[in-house]
Amino acid sequence: MRRFQKWFPYIIGSILVLLGFYVFCRGLLIAGENGWGGSGFFKKLPGKIEELAVDTYNGVLTWETETETGERSGKSVGRKVVDVLFPPLEETEEEGEKTGDLLTEEQGETGAGGADSQRLSETEADEKMNGSKVVESIDSSGADYETETEPDTTLPYVSAFSNSAIPTPAAESLRQAPQVLPWADMKDFNFLLNQYFILDASAAIDESLLNVDNLMEKDLAIDTDTDGPQILIYHTHSQEAFADSRPGDLRDTIIGVGERLKEILTDQYGFEVLHHTKVYDMIDGKLDRNKAYNLAAPDIEAILKAYPSIQVVIDLHRDGVDDYRFVTEFNGKPVAKIMFYNGLSRTARNGPVDYLPNPYIADNLAFSFQLQMKAAEYYPGFTRNIYLQSLRYNQHLCSHSLLIESGTQLNTVEEEYNAMEPLADILNQVLRGE
1 MRRFQKWFPY
11 IIGSILVLLG
21 FYVFCRGLLI
31 AGENGWGGSG
41 FFKKLPGKIE
51 ELAVDTYNGV
61 LTWETETETG
71 ERSGKSVGRK
81 VVDVLFPPLE
91 ETEEEGEKTG
101 DLLTEEQGET
111 GAGGADSQRL
121 SETEADEKMN
131 GSKVVESIDS
141 SGADYETETE
151 PDTTLPYVSA
161 FSNSAIPTPA
171 AESLRQAPQV
181 LPWADMKDFN
191 FLLNQYFILD
201 ASAAIDESLL
211 NVDNLMEKDL
221 AIDTDTDGPQ
231 ILIYHTHSQE
241 AFADSRPGDL
251 RDTIIGVGER
261 LKEILTDQYG
271 FEVLHHTKVY
281 DMIDGKLDRN
291 KAYNLAAPDI
301 EAILKAYPSI
311 QVVIDLHRDG
321 VDDYRFVTEF
331 NGKPVAKIMF
341 YNGLSRTARN
351 GPVDYLPNPY
361 IADNLAFSFQ
371 LQMKAAEYYP
381 GFTRNIYLQS
391 LRYNQHLCSH
401 SLLIESGTQL
411 NTVEEEYNAM
421 EPLADILNQV
431 LRGE
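Going by full-length UniProt numbering, the residue at position 314 of the sequence shown is 314; the numbering climbs one at a time, nothing skipped.
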């Protein structure tokens with residue numbers, strides 16, 4: 001507590017300085033629009049500042065504590081402020097965590113803190129998306145979607161596009177010259193946490209999980225000599241769409257992006273991929289994500305049982321962040337940025353979440369981190385920091401589970417499709433042990 005009190009004024013001061021600098025730059029931009037300072041530098045500067053702030057502010061607002069066993073643990077300043085200033089609220093939330101009624105996985109993914117905090121209500125986010133901020137946003141009712149009816153198979157809930165559903169050109173190599181990564185610095189717990197992760201206010205993590213040697217030494221190569229699919233792609237939130245999505249066209253939703261990923265993994269890298277497209281976030285014709293993870297879990301379990309060859313499970317989403325479009329560029333192609341999202345089944349206040357057991361927390365964290373390192377090496381700027389949440393998100397179903405947020409509602413379909421090229425490349429490298 002004393003350490004927090006000591007550093008808190010410096011943290012607040014730093015935030016105020018950054019905000020002042022941002023206001024100053026915005027002022028320069030406004031002045032430029034009124035005829036002063038025509039240089040493109042002033043127009044680009046505020047956007048770059050926004051990008052840096054969104055990517056790093058949660059990592060900065062953490063500090064390090066030491067446990068009784070000598071291990072260091074990352075804590076969130078936001079969590080501490082709530083604990084100190086609002087103890088009655090803390091009691092209510094604790095009771096909710098014990099019963100499992102207050103802090104559900106859907107609320108956790110869209111809940112307090114971090115880059116995902118803008119998704120406090122996905123329904124509200126989609127409603128905002130249909131306004132002036134996003135052009136031609138897709139109809140969230142889903143009534144006109146070209147979803148397939150249940151095919152006549154042994155697993156009626158397994159649905160997929162035909163191979164020709166998305167006529168897109170062959171993926172081209174966007175790989176950049178390899179970057180030198182600061183491996184020595186990553187051995188420091190605090191550096192690793194702040195540079196490559198975003199710790200949600202509800203979560204906590206220590207060196208037992210966040211250790212660069214353990215994360216990188218884990219062998220994540222899969223057996224590709226199997227009879228049947230090795231990779232499953234599905235979408236807990238299938239209705240997620242983009243800035244220029246055409247109403248009623250499934251190809252312009254996150255499902256279409258998933259099909260593009262399947263195409264590249266299959267055609268270019270030789271994997272066999274099953275794309276499961278059942279809808280879990282529509283109830284009675286209306287967008288409802290309150291039970292999406294609970295609805296998806298038994299189907300994914302059944303698919304894994306029916307196809308024991310599957311070794312990788314990818315839940316592909318797009319994020320919802322107001323007023324900001326995450327995009328970078330490789331070889332002249334605009335590419336949506338992605339973010340790996342890991343559930344820790346562990347809260348900052350109560351420790352392990354007993355009602356959300358997950359034997360694969362370390363494996364899944366290593367999977368995300370090794371992919372993050374491949375991206376940092378060959379596609380610098382492609383990934384946002386890995387988001388660490390306190391819940392589970394069905395990542396207990398497979399030792400190679402990924403929840404990926406690809407861009408936001410403000411990205412274009414083209415940017416999303418382009419993002420699948422570097423994503424498929426880094427998946428191929430990690431899954432083949434390269």
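The C-beta atom is built at its ideal place from N, Cα and C for all residues, glycine as well.
By the Cβ test, the region 293 to 300 is not in contact with the region 197 to 215, since fewer than three Cβ pairs between them sit closer than 8 Å. Taking C-alpha positions only, residue 378 is separated from residue 200 by approximately 27 Å. When the beta-carbon positions are compared, residue 351 and residue 219 stay at least 8 Å from each other.
Taking each of 174, 409, 401, 232 in turn and checking the Cα distance to residue 278, the smallest one comes out for 232. The residue from 337, 354, 308 with its alpha-carbon nearest to that of residue 345 is 354. Residue environment: residue 284 is assigned as exposed (fewer than 16 neighbouring CB atoms within 10 Å of its CB, all protein chains considered). Counting C-beta pairs with one atom in each stretch, the region 404 to 423 and the region 260 to 270 have three or more that are closer than 8 Å, which means they touch. Exposed is the label assigned to residue 216, since fewer than 16 other Cβ atoms lie within 10 Å of its Cβ. Fully contained in the region 173 to 205 are the following alpha helix (DSSP H) runs of length 4 or more, in chain order: 183 to 186, 189 to 196. Between residue 419 and residue 265, the gap from beta carbon to beta carbon reaches 8 Å or more. One alpha carbon belongs to residue 312, the other to residue 13, and they sit about 45 Å apart. For the pair residue 271 and residue 239, the CB atoms are not nearer than the 8 Å cut-off. For residue 280, the CB contacts under 6 Å within the same chain, skipping 5 residues up- and downstream, are 236, 292, 295, 296 in chain order. Secondary structure at residue 430: helix, using DSSP grouped into helix, strand and coil. By the neighbour-count definition (other C-beta atoms within 10 Å, threshold 16), residue 372 is a buried residue.
Distance from residue 324 to residue 410 at the Cβ level is roughly 7 Å; contact confirmed, criterion being Cβ atoms closer than 8 Å. Separation of the CB atoms of residue 386 and residue 340 is rounded to 5 Å, and the pair is thereby assigned contact status at 8 Å.
Shown here, residue 233 sits in a strand according to DSSP, grouped into three states.
Taking the Cβ atoms as the reference, residue 276 lies roughly 6 Å from residue 303, within the contact range of under 8 Å.
About 6 Å separates the beta carbons of residue 367 and residue 402, which is inside the 8 Å limit, making them a contact pair. Only residues of its own chain outside the window of five on either side were considered, and among them 59, 385, 386, 388 have a CB closer than 7 Å to the CB of residue 197, listed in chain order. By the beta-carbon neighbour count (other beta carbons within 10 angstroms, threshold 16), residue 243 is buried.
In this structure, residue 375 and residue 426 form a Cβ contact; the two beta carbons are roughly 5 Å apart against a cut-off of 8 Å. Assignment of beta-bridge partners to residue 319 by DSSP yields 408. With contacts defined by Cβ atoms closer than 8 Å, residue 336 and residue 421 do not form a contacting pair.
Contact check for residue 16 against residue 221 fails: the beta carbons are separated by 8 Å or more. Here residue 178 has 377, 378 as same chain residues with Cβ atoms under 7 Å from its own Cβ, once five neighbours each way along the sequence are excluded. Apart from the 5 residues on each side of it in sequence, residue 255 sits with its Cβ closer than 7 Å to the Cβ of 235, 238, 277 in its chain, given in chain order. Separation of residue 413 and residue 288 (C-alpha to C-alpha, rounded to the nearest whole angstrom) is 23 Å.
Note on geometry: alpha-carbon atoms of residue 399 and residue 273 lie some 17 Å from one another. Boundaries for residue 380: no beta strand (DSSP E) harbours it, and the DSSP string shows neither H nor E there. Apart from sequence neighbours up to five positions away, the residues of its chain that approach residue 380 with a beta-carbon distance below 6 Å are 179, ordered along the chain. Under the DSSP definition of a beta bridge, residue 275 partners with 233. The C-alpha of residue 194 lies about 13 Å from the C-alpha of residue 182. Residue 328: not part of any alpha helix (DSSP H); member of the beta strand (DSSP E) spanning 327 to 330, first to last residue.
For residue 388, the enclosing beta strand (DSSP E) begins and ends at 386 to 389.
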